[in-house]
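Protein chains in written order, with UniProt numbering: chain V, 1 to 255; chain C, 1 to 255.
Every residue, glycine too, gets a C-beta built ideally from N, C-alpha and C.
Notes to accompany the following structure.
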DNA sequence: GGCGCGGTCGTACGGCGTACGGCCTCGTTG
DNA sequence: CAACGAGGCCGTACGCCGTACGACCGCGCC
């Protein structure tokens, strides 16, 4: 924990890193390392083994250099993670989507979900202030552009995007937890519940929590597991879009 | 980092802790410590100084005992945090609310927001599987009970609750980040932006990201800060409830 | 009266992020 | 062409963290 907490005392240093303001070295043979190389292996490590496996020693090792060499290019781990995040945003597609706003917004939601599925560490890393890098800016600009013309105020458009992206992140986090748990315990979600259920029943007085038991059982049977993250994502997304459609329609009617 | 990752190999041990299955000691003078005392000071520390300040040494210190004494009552830090979470859920109100489902659900959302505001560390701790303690079960049962009768299937009711709680958590997290940043930098949100803006403009080519700039400026002026977490919460909540109302109405009509 | 056991906790280990200072290499300069 | 200095590299060390281990100690029980 704790790694992303630091508030990065010097804004200039962090921003310069994000925006890659750096005069190229005059040396003939360029240096062995670069911010890009570091970020690339760091993302690979985090993708494959999670944020906990991402240590500065590990990054140095993967690059074949000493641990402290990494610090020549990156002020600290928090800043490295920030650049990783901005880089990941950079790989998102930004197609021009045909169709109405709902189609476009739904597409944005699915693209963001896919991003989190490819880089689950982002769900645990983005705990501080947004990163303010070029790729995040481009993403924000693109996503706003898809819905600026739906008849809401600028402030409302911003809130609509925040709402949708928040839902995606919630759902992605839930899905990611299921995956994590399977990797760590070697059990599927269903197996995990089967192993815990007998113990739980030991403590539960029969008849306590009647609604929770009934609904929990129903959900478990429906999804073939205790929790269905895909269903939660789809159901929630459609509800959110329905809710947005209500204001959009209201606004169109009163014009 | 890393603290909540461990999958707690032994379910019986964790569950026994959560449900406080423990024969009272036969000793005349009870022991100096107890799970409850430990949990209480741990929550106080986390409330006051955040999850990062919560270390096992710190807990022992606050209790006036050696660090390792804490381990007599709690298998490890991850389990301690789990009990803290379940305990926090236990303090939530569970009133019988008059009115329609929307009133009840809105109340649930606000109560959950208040919980996260009182215990912001929960937003960073709940990264693993739900805790399965008695208070979480009671909370789940109560919240489901408020909406079981709205004419949806059990599975849908579960998804509705997940959606609303997910929105609350997203909004609470965003609000908490603003507060954190103010505490760490001693700047308000507005001041922080003012100190970063000149640097950012150095890198930005004029005319790049036109939509983002316009919307960002509008949002900033509206909220008197770069980001308005309260507005985002309210706007999103109404959209989500509107969206739920759409399915509820559909279902009522087709019956 | 002796024993055992539960509570207490000092010490130590392996891991983390990273400050510091030395070294080595190479383009630049007199 | 030789001396210099800056920039890249990195070994060592420090102060944190969670926690394994084993010793001590005082009480209830046979």
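Per-residue contacts from residue i into chain V (C-beta, under 7 Å)
i: residue 256 (chain C); result: Residue 256 (chain C) lies beyond the stretch modelled for chain C, which goes from 1 to 255, so this question has no answer here.
i: residue 215 (chain C); result: 144, 154, 157, 158
i: residue 85 (chain C); result: Those within 7 Å of residue 85 (chain C) in chain V number zero; the least Cβ separation is about 14 Å.
i: residue 137 (chain C); result: 209, 212
i: residue 231 (chain C); result: 159
i: residue 218 (chain C); result: 154, 155
Proximal residues of chain C, C-beta to C-beta of residue i below 9 Å
i: residue 15 (chain V); result: 196, 199, 200, 202, 203
i: residue 167 (chain V); result: 163, 166, 167, 170, 236, 240
i: residue 243 (chain V); result: 236, 238, 239, 240, 241, 242, 243, 244, 245, 246
Straight-line Cα distance separating residue j from residue i
i: residue 60 (chain V); j: residue 88 (chain C); result: 41 Å
i: residue 168 (chain C); j: residue 241 (chain C); result: 12 Å
i: residue 81 (chain V); j: residue 125 (chain V); result: 7 Å
i: residue 77 (chain C); j: residue 199 (chain V); result: 22 Å
i: residue 70 (chain C); j: residue 205 (chain V); result: 30 Å
i: residue 108 (chain C); j: residue 143 (chain C); result: 7 Å
i: residue 252 (chain V); j: residue 149 (chain V); result: 11 Å
i: residue 152 (chain V); j: residue 243 (chain V); result: 14 Å
i: residue 57 (chain V); j: residue 72 (chain V); result: 14 Å
i: residue 163 (chain V); j: residue 209 (chain V); result: 32 Å
i: residue 91 (chain C); j: residue 178 (chain C); result: 25 Å
i: residue 102 (chain C); j: residue 226 (chain V); result: 27 Å
i: residue 238 (chain C); j: residue 156 (chain C); result: 19 Å
i: residue 96 (chain C); j: residue 189 (chain V); result: 34 Å
i: residue 93 (chain C); j: residue 110 (chain C); result: 11 Å
i: residue 195 (chain V); j: residue 185 (chain V); result: 11 Å
Integer-rounded CB distance, given that residue j should sit under 8 Å from residue i
i: residue 154 (chain C); j: residue 215 (chain V); result: 5 Å
i: residue 120 (chain C); j: residue 176 (chain C); result: 4 Å
i: residue 42 (chain C); j: residue 68 (chain C); result: Contact flag wrong, Cβ pair sits at about 16 Å.
i: residue 65 (chain C); j: residue 12 (chain C); result: With 8 Å as the limit, residue 65 (chain C) and residue 12 (chain C) do not qualify as a contact, their Cβ atoms being about 26 Å apart.
i: residue 203 (chain C); j: residue 159 (chain V); result: Wrong, their Cβ atoms sit about 27 Å apart, outside the cutoff.
i: residue 260 (chain C); j: residue 123 (chain C); result: This structure cannot speak to residue 260 (chain C), because chain C is shown only from 1 to 255.
i: residue 132 (chain V); j: residue 51 (chain V); result: Not quite, the Cβ-Cβ distance comes to about 21 Å (not below 8 Å), so this is no contact.
Chain-ordered neighbours of residue i on chain C, where CB pairs are closer than 8 Å
i: residue 19 (chain V); result: 203
i: residue 248 (chain V); result: Residues of chain C passing the Cβ test: none, with the nearest at roughly 10 Å.
i: residue 45 (chain V); result: In chain order: nothing, as chain C lies at least about 14 Å away.
i: residue 211 (chain V); result: 141, 144, 145, 148
i: residue 113 (chain V); result: Under the 8 Å cutoff, chain C gives no residues; its nearest Cβ is about 14 Å from residue 113 (chain V).
i: residue 11 (chain V); result: 195, 196, 199
Collapsed DSSP secondary structure at residue i in the structure displayed
i: residue 254 (chain V); result: coil
i: residue 146 (chain V); result: coil
i: residue 6 (chain C); result: Interpretation of residue 6 (chain C) is limited by its pLDDT of 45, a score under 50 that renders its predicted location unreliable; no figure is taken from the coordinates.
i: residue 39 (chain C); result: helix
i: residue 66 (chain C); result: coil
i: residue 231 (chain C); result: helix
i: residue 30 (chain V); result: coil
i: residue 242 (chain V); result: helix
i: residue 91 (chain V); result: coil
i: residue 1 (chain C); result: Confidence is the limiting factor: at residue 1 (chain C) the pLDDT is only 37, short of 50, which leaves the residue's position unreliable, though a coordinate-based value still follows. If DSSP states are grouped into helix, strand and coil, residue 1 (chain C) belongs with coil.
i: residue 49 (chain C); result: helix
i: residue 11 (chain C); result: helix
i: residue 134 (chain C); result: helix
i: residue 101 (chain V); result: helix
i: residue 74 (chain C); result: coil
Interface residues of chain C facing residue i [CB-CB closer than 7 Å]
i: residue 40 (chain V); result: Residues of chain C passing the Cβ test: none, with the nearest at roughly 21 Å.
i: residue 124 (chain V); result: 127
Partner residues on chain V for residue i, Cβ-Cβ distance less than 8 Å
i: residue 224 (chain C); result: Neighbours of residue 224 (chain C) on chain V: none; closest Cβ ~12 Å, over 8 Å.
Interface residues of chain V facing residue i [CB-CB closer than 9 Å]
i: residue 132 (chain C); result: 196, 200
Can you list the alpha helix (DSSP H) stretches of 4 or more residues lying completely in the stretch 140 to 223 of chain V, in chain order?
DSSP assignment within the stretch 140 to 223 of chain V yields the following whole alpha helix (DSSP H) runs of 4 residues or more, N-terminal first: 154 to 185, 189 to 203, 210 to 223.
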